Structures are given as C-alpha cells and as structure tokens.
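In my numbering, the protein residues as written are 423 to 486.
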C-alpha cells in the first residue's frame, strides 16, 4: 500500500509532477500531528498553563 502516489502530468507544453494522497495517508498525517501536539502540550503547554493560572490566582500579600 502506497502512502502517496506520484504522477507525471503533461498538458500541452507544461509538464508537472503532482502528488495524489490516499485517504489513509491523510489520516496518518492527522494522527501524527495530533500526537505531536499532545506531546508538546505535555512537556511545555501544561507547565505554561499552570504558571499562568498561578500568576492570575496569586493572592495579594497580607497587610501588617
């Protein structure tokens, strides 16, 4: 099973190389990018979200 198919198209004097993606390759690409986004969120995003929430919820120092 090919993940992508390449085709050489000629139309008059113009010759070009086009790619025809199969449905399975599009699904695999979406799964890959979503997985990568989850990994980046787990290592960077979660910490940044917690840091931002702490800065927003920080109570003012008590008065003497």
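A virtual CB, placed ideally from N, CA and C, is assigned to each residue, including glycine. Please read all numbers here as calculations on a predicted model, not as lab measurements.
Review point. When DSSP labels each residue in this structure, what does residue 477 get in the three-state scheme?
Key: helix
Practice item. Whole angstroms is fine: what's the gap from residue 456's alpha carbon to residue 450's? Key: Going by the C-alpha atoms only, they are around 10 Å apart.
Review point. Within the present structure, is the beta-carbon of residue 449 separated from the nearest heavy atom of the ligand GDP by less than 8 Å?
Key: With respect to small molecules bound, the structure shown includes none, and the ligand GDP cannot be examined in it.
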